[in-house]
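The structure under discussion appears below in the form of structure tokens.
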Amino acid sequence: MVGSSAIWAAHLVALGARVSAVNESFQLLTALLALAVAFAGVLAGFSLSTRRNIRLAPEFGGVLFGLTVAAMGAITSAAHERAGLAGSFSTVSLWSLLLSACLGAIALSFVPQLRSRRATVSATLFLFLSVLTLHLSTAMPDDAAGHFSRQPNAGLLSEGQMIAIALTIFGLTTAFAASGVRLEKHKKESARRAYQHLSLQDSLTHLPNRHYVQKVAADLLKSADHERKACAVVLISLDQFKAINDLHGYEVGDTVLCSMAETLKYNLNDKVLICRFYGDEFLVINPALDSIDEAVEFARLVRSLARRPIQWRSYRLSIRSSIGLAVFPRDGSDLTKLVQRANLAAKQAKSIGGNLIQPYVTGMEESNRWEASLASDLRNAALENQLSLVFQKQNLARTGDLIGYEALVRWRHAEKGPIAPEDFIPIAERSGIILDIGNWVLEAACVEAATWAEPLTLAVNASPLQFSRSDFAGLVSTVLIKTGLPADRLEIELTESTPIEDHERVHETIQSLHKMGVRVAMDDFGKGYSSLNTLQAFPFDKIKVDRAFTQSLETNPHARAILRSAILLGHSFGIPVIAEGVETDRQLQFLQEAGCLQVQGFLFGKHLLPSQIKKNQAGLQQTGS
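Numbering (this note's numbering), first residue to last: 5 to 629.
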């Protein structure tokens, strides 16, 4: 718009500047037609010059530009009349037409390089020369030639009026284009600010995100240090959040997160920075505390807010949270380190049961690195033949007769040597590696049991995480078919080492196992997260009492009471109870008197290797024969 109106107005001014002895005027409509031709041609030329799929597109666009300038000049000259004369056309010479086209082609050939300042200056110069050839070469006819007589037209505009209109149009298009550029810049700036704001805000809870925290971290700690304040960094990690999503759906999970955000924002003052740090984690920073004791009190306040039940439709959801606390300057001098340590503390809180506050303690990093290293090695343990099985006898309490074996996994690390199960099993469960290890144990144990001469029962431990998998029952079926072990000889022990999150899926898995003929026992009764609720929720075939009660029953009356209660529960449910950890005759005698049907422990022998079981069975067969 600006370019075509500038060229058109310049040509009108040039025509009007010629000295003539007669009065001159312009036909308005013809002059405006020239402007329209200029606009269409310039637009087409510039558009063509930017086409990347056409060879020599910039040059063709430049030629079109030059021809447009020439056509515009001819039409504008046609609009120029002298007093009493009409059709006094200016002529554009052929050489001028060719020169204008060539200069236009050269000018727009710089379009692909317009980011270069030199290319921009060169393109501008040649465009100027292309237009200039029109003004220098337009030849006006003599007053008495190339025209015919007509009466003066009262509708014509004088040169001054036409030039004023041309300059007005040029001014308006320039102002319009300038306002468009200004508006575009404003839109880009507004969009940039909006995108920047969105990049620093969580889209779900509308809290600041961790990128915002990183941006303001230095100022927060600088302010706390300047005012000699303690800065509490509290990380909230929601316990069992995945179970909420799985049981109730992601809509409920989003509601929990938004409600948590609103509760924190409404109840904490403006000095406190609250952000959604990651997934089901919130970060709360208070840089205006007077002491470490106040920081601990603040963490307790945050925990009380995070534990508030959340109402969703007819559900009242109880929220459990593991809270990690790090304090500036005691636990670090930069926010990144403080957040990292608060996160480690929250993980520690979750690993020991959750729903509590865990301040950062020196040495947590080393423990975390050791666990991460062990988890990394554990992933390849089965592939590198570092895992093995041992078997512990299970006997009848009254007679001592052997009824089966429990398969137990052992890990001999290539460099660290034997790793105790109580050290690597929790790591496997937290990292999800327990799925691979559990599958390996199940198949390896079934392979061994299928070779036993006697049809003894095989007990294999399984994590709730395995039961929560929809294909666990299918895996058991595949292993039984593959190994040839009868289903009625297999007993799966569901341990309560981790909370059972998806009750519905676990229940379905137990039902599927029952249909195959596989029994399911409740392991570690009395030690888990909610033994009575678990026993009530699932159709178990056996109760297995944790060894801690058996080993302390001689000295602890509470342990004896719990054992009696468990045995009575088993009788009430019509299922047998097995006590593990039996090591002395007095323990066995108590269990016999209490009515316990099955026992397991070192009193009946140490763990056996697969080869020892086969050797013992072979010896029994020879003795019998």
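Note that CB positions come from ideal geometry on N, CA and C, so glycine has one too.
With C-beta atoms as the reference, is residue i less than 7 Å away from residue j?
i           : j           : result
residue 8   : residue 42  : yes
residue 342 : residue 483 : no
residue 17  : residue 110 : no
residue 542 : residue 514 : yes
residue 34  : residue 75  : no
residue 557 : residue 563 : yes
residue 6   : residue 178 : yes
residue 407 : residue 461 : yes
residue 380 : residue 240 : no
residue 137 : residue 162 : no
residue 84  : residue 50  : no
residue 551 : residue 584 : yes
residue 321 : residue 327 : no
residue 52  : residue 65  : yes
residue 466 : residue 498 : yes
residue 489 : residue 454 : yes
residue 630 : residue 68  : Here the chain comprises residues numbered 5 to 629, so residue 630 is not present and cannot be evaluated.
residue 521 : residue 492 : yes
residue 248 : residue 307 : no
residue 386 : residue 415 : no
residue 124 : residue 131 : no
residue 508 : residue 614 : no
residue 40  : residue 174 : no
residue 391 : residue 413 : yes
residue 611 : residue 365 : no
Which residue's Cα is closest to the Cα of residue i: the options?
i           : options               : result
residue 566 : 545, 542, 528 and 590 : 528
residue 545 : 554, 537, 526 and 556 : 526
residue 589 : 64, 555 and 618       : 555
residue 37  : 263, 172 and 79       : 79
residue 330 : 103, 172 and 301      : 301
residue 256 : 318, 294, 207 and 297 : 318
residue 579 : 548, 130 and 594      : 548
residue 204 : 278, 386 and 175      : 278
residue 621 : 458, 223, 188 and 610 : 458
residue 405 : 124, 185, 593 and 603 : 603
residue 378 : 206, 429, 196 and 310 : 429
residue 363 : 20, 189 and 299       : 299
residue 3   : 304, 441 and 294      : Outside the shown range of the chain, which is 5 to 629, sits residue 3, and nothing can be said about it.
residue 464 : 174, 246, 221 and 396 : 396
residue 577 : 165, 536 and 14       : 536
residue 293 : 264, 309 and 234      : 234
residue 63  : 112, 40 and 55        : 112
residue 209 : 19, 280, 291 and 511  : 280
residue 283 : 223, 206 and 296      : 206
residue 164 : 383, 388 and 19       : 19
residue 376 : 409, 180 and 434      : 434
residue 32  : 568, 297, 169 and 468 : 169
residue 442 : 469, 524, 485 and 456 : 469
residue 101 : 116, 160, 538 and 77  : 77
If contacts are defined as beta-carbon pairs under 8 Å, then residue i and residue j qualify, I think. What distance do you get, rounded to the angstrom?
i           : j           : result
residue 259 : residue 316 : 5 Å
residue 432 : residue 423 : At roughly 11 Å, the Cβ-Cβ gap does not stay under 8 Å, so residue 432 and residue 423 are not in contact.
residue 411 : residue 445 : 6 Å
residue 601 : residue 587 : Rounded, the Cβ-Cβ distance is 19 Å, inconsistent with contact.
residue 570 : residue 530 : 7 Å
residue 575 : residue 599 : 7 Å
residue 14  : residue 171 : Their Cβ separation, rounded to whole angstroms, is 10 Å, which puts residue 14 and residue 171 out of contact at 8 Å.
residue 510 : residue 471 : 5 Å
residue 400 : residue 323 : Not quite, the Cβ-Cβ distance comes to about 46 Å (not below 8 Å), so this is no contact.
residue 107 : residue 134 : 4 Å
residue 310 : residue 264 : 7 Å
residue 332 : residue 225 : 6 Å
Do residue i and the ligand MG come close, with the Cβ less than 6 Å from some heavy atom?
i           : result
residue 560 : As far as ligands go, the structure on display features none, and thus does not contain the ligand MG.
Meets three-Cβ-pair contact criterion under 8 Å: the segment 278 to 297 and the segment 204 to 222: The segment 278 to 297 makes contact with the segment 204 to 222, as at least three CB pairs between them are under 8 Å.
Let me know the beta strand (DSSP E) ranges lying completely inside the segment 337 to 400, each 3 residues or longer, listed in chain order. 361 to 363 and 391 to 400
Does the segment 333 to 353 touch the segment 225 to 236, meaning 3 or more C-beta pairs lie closer than 8 Å? yes
Can you list, in chain order, the stretches of the alpha helix (DSSP H) that have 4 or more residues and sit fully within the segment 191 to 255? 214 to 230 and 245 to 252
At which residue ranges does the segment 35 to 92 contain complete beta strand (DSSP E) runs of 3 or more residues, listed in the order of the chain? 84 to 86
Hey, which unbroken runs of the alpha helix (DSSP H) at 4 residues or more fall wholly within the segment 524 to 575? 535 to 541 and 551 to 556
Would you call the segment 347 to 357 and the segment 260 to 273 in contact, with 3 or more CB pairs under 8 Å? no
Which runs of the beta strand (DSSP E), 3 residues or longer, sit entirely within the segment 423 to 501? 461 to 466 and 494 to 498
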